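Below you'll find the structure, written out as C-alpha cells, and then a few comments.
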Amino acid sequence: MTWQPVDCHAHSTFSDGALTIPEVVERAAALGVHPSIADHVSRDVVKSVKSIDEVRVYLDELERYDVLRGGEFCWHDSLWRELPEDLVRRFTHRIGSLHAVRLPDGHHVHAFARRAPAVSLDEYMWAHLASVEQLAREMPVDILAHPTLVTLPFRSAGIDALWNEEREHRMIDAMYDAGIAFEISARYPPHERIVRLAVERGVRISLGSDGHTREQVANVSKPLAMARALGVADEALYDPRRHGSRTQRAAGARR
Ligand SMILES: [Zn+2]
Ligand SMILES: [Zn+2]
Numbered sequence: 143m144t145w146q147p148v149d150c151h152a153h154s155t156f157s158d159g160a161l162t163i164p165e166v167v168e169r170a171a172a173l174g175v176h177p178s179i180a181d182h183v184s185r186d187v188v189k190s191v192k193s194i195d196e197v198r199v200y201l202d203e204l205e206r207y208d209v210l211r212g213g214e215f216c217w218h219d220s221l222w223r224e225l226p227e228d229l230v231r232r233f234t235h236r237i238g239s240l241h242a243v244r245l246p247d248g249h250h251v252h253a254f255a256r257r258a259p260a261v262s263l264d265e266y267m268w269a270h271l272a273s274v275e276q277l278a279r280e281m282p283v284d285i286l287a288h289p290t291l292v293t294l295p296f297r298s299a300g301i302d303a304l305w306n307e308e309r310e311h312r313m314i315d316a317m318y319d320a321g322i323a324f325e326i327s328a329r330y331p332p333h334e335r336i337v338r339l340a341v342e343r344g345v346r347i348s349l350g351s352d353g354h355t356r357e358q359v360a361n362v363s364k365p366l367a368m369a370r371a372l373g374v375a376d377e378a379l380y381d382p383r384r385h386g387s388r389t390q391r392a393a394g395a396r397r
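Taking the working numbering as reference, the numbering of the sequence shown is continuous, increasing by one, and the terminal residue is 397.
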C-alpha cells in the first residue's frame, strides 16, 4: 500500500458540512487522500450529532463506507463523557476541541463569540492554557483540533501578543504527556514556531482540513507541506490504522 495522507478532520452533512459521506469519500479519492469523517458530536454546535442515539446512527452510516470514523467533541460539552463503551469502540479516532475555554470563575468564553470577553487577552490566554491542560488530562482523544484557535475578538491580536515561549511549552507539554496529536489545520493554520516545538518535543502531528465545503474537504496540501518542511516523515503523520488510537485503548482498558 503506497502512503497516502489522512485527512483526520472533515465534516459531512451529519453536522455542519456541505457534502454527504459518499461525496467526502469521492472527493478524498480524487485528491489522493485517505478519507475520514469527524463530525461535531456535541450539544453545543447548532448542526451536530447531539445524542447517544444519533451517535449510533452516525456510526452505522459511516460503517457502510471505506472511511475512518472520527468525531469532533467539544471539551466543554458533556456528551463525550456520556458515550457508552460499545459506541466509543466504534470510532477509529476522536478529536477534542476547545470551542470554549473555562475562566477561573467558571464562565466559558466561546471560540466563535462576537463580543469581547470580560477578561483581558492575557487572562484569556492563561485560561486557554489551563483548559488545554485539563482537556489533556481528562479527555481520551487522539487529536487536539486547531490548537491555536482563540476566541474571535482576540484573533486579530497577532501571534506575538497571543503566544510566547511559556504558553507554547505548556500546551505542547500537556499534549506530549497525554499522547495527543497536534493538528495542523488547513482552516486555522498554526504558526510555525509552535509546530516546530511540537515536532522537537516528539508530539505526533495530524493533518486536518477541517473542511466543510467541496473545496476544503480532504485538501491537506498546506498542512502536509508544513509538516514536511519541519522534517516530519510522511509515515509519522497520524493515521489511526498505523498508530492506533487512545479512543480504542480507553474503551479496552475499561472492559
Ligand atoms: Zn472545531
Ligand atoms: Zn471541525
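We treat Cβ as the ideally placed atom computed from N, Cα and C, and that holds for glycine.
Keep in mind that this is a model prediction, so the values were computed, not measured.
In this structure S351 touches A360 by the C-beta definition: roughly 6 Å separates them, less than 8 Å. The three-state secondary structure of V230, taken from DSSP, is helix. Scanning its chain for C-beta atoms nearer than 8 Å, with the 5 sequence neighbours on each side dropped, one finds around V374 the residues V341, I347, in chain order. Around the Cβ of R232, a 10 Å sphere holds 16 or more other Cβ atoms; the residue is buried.
According to the DSSP secondary-structure assignment, A242 is paired through a beta bridge with H252. If you check the C-beta of D352 against ligand 1, you find a heavy atom less than 7 Å away. A straight line joining the alpha-carbon of V292 with that of P332 spans about 11 Å.
By alpha-carbon distance to L372, the top candidate from T355, G353, I336, Y380 is I336.
Taking D195 as reference, the option from Q146, V183, N306 with the minimal CA-CA separation is V183. Separation of the CB atoms of P289 and M313 is rounded to 6 Å, and the pair is thereby assigned contact status at 8 Å. DSSP, reduced to helix, strand and coil, places S298 within a helical segment of the structure shown.
With respect to R244, H250 sits close: the two C-beta atoms are nearer than 8 Å. Distances between the C-beta of E325 and the heavy atoms of ligand 1 are all 7 Å or more. For V283, there is no enclosing beta strand (DSSP E), as DSSP marks it with neither H nor E. The beta carbon of R356 sits closer than 8 Å to the beta carbons of A160, L161, E165, R169 from its chain, once the five residues preceding and following it are set aside; these are given in chain order. Look at S239: its beta carbon is less than 7 Å from one of the heavy atoms in ligand 1. Look at V175 here: in three-state DSSP terms it is coil, with no helix or strand label. A distance of 8 Å or more separates the beta carbons of Y318 and G353. Taking C-alpha positions only, A320 is separated from A278 by approximately 6 Å. Here the distance from the Cβ of H288 to the nearest heavy atom of ligand 1 is below 7 Å. Looking at A260, E334, L201, C150, the one whose alpha-carbon comes closest to that of R370 is E334. Excluding the 5 residues flanking it on each side, I301 has same chain C-beta neighbours closer than 7 Å at H333, in chain order. A check of alpha carbon separations from Y330 across H218, N306, L286 identifies L286 as the nearest. A straight line joining the alpha-carbon of H151 with that of I179 spans about 6 Å. Between R383 and D149, the alpha-carbon positions lie close to 13 Å from each other. Assigned with DSSP and collapsed to three states, V292 falls in coil, not helix or strand.
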